[in-house]
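The opening position of the sequence shown corresponds to residue 1 in this note's numbering, with each subsequent residue numbered one higher. Some notes on the structure that comes next.
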Amino acid sequence: MGITIPIWILLYAHDLGYNYSWWWAIAWITLSLSWILYHFIDWYFDVMLITNYSILHVQWHGIFDKESSRIEYEDMKEVNISTEGVMQTIFDYGQIEIATMSGGKTTFQNIPNPQEAEQTLRRYKMNFAKFQRLTDGNEMEQILSEMVNQHVWKYGTENGFLPRR
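Structural data, given as structure tokens:
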């Protein structure tokens, strides 16, 4: 609609008696294309990045205003998806809402294929939990080994021998 008005002005305004209508048409086309470019850039640079440790969300509000947030997998409580309306259903777009342990909620808008994104988030969270348990288990093993080693050096063993260092 934004481009059709200046085209109409260019075609028919001279017949209505306007002599400088093409200036208005050029101004209208320039404003319309600027508005379209602004919203395209705003949409194009919004990013949801899924890493091994967290989810990063970078959202641009205009050209110079940027907002970023990070959600750690260990802080994620639940992930919900929703698809609203006919257009989002047809084109398979939706929202992902992530609830955190602190009670906050973060909503990611206009995510393509939200079911696949939700499955990816759950898979990465599960892999992170497995890695965390493995890391915690190795750390606990090292702590207990060091405690036993210190005890043996301090008090000796049952038969009186000290292990070699």
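We put the beta carbon where it would ideally sit given N, CA and C, even for glycine.
Item: If we require 4 or more residues per run, which alpha helix (DSSP H) segments fall completely within the stretch 95-161?; Value: 114-155
Item: Since I believe K77 is in contact with T100 (beta carbons under 8 Å), could you give me their beta-carbon distance rounded to a whole number of angstroms?; Value: 6 Å
Item: Let me know the secondary structure DSSP gives Y93 once reduced to three states.; Value: strand
Item: State the Cα-Cα distance for the pair F128 and G104, rounded to the nearest angstrom.; Value: 21 Å
Item: Do you know whose CA, among I98, Y93, W60, lies nearest Y73's CA?; Value: I98
Item: Can you tell me the Cα-Cα spacing of F91 and P112, whole angstroms?; Value: 8 Å
Item: So which of D75, P114, V79 has the shortest CA-CA distance to G94?; Value: P114
Item: Buried or exposed: which applies to I96, given that a residue is buried once 16 or more other Cβ atoms fall within 10 Å of its Cβ?; Value: buried
Item: Can you tell me whether DSSP reads I63 as helix, strand or coil?; Value: coil
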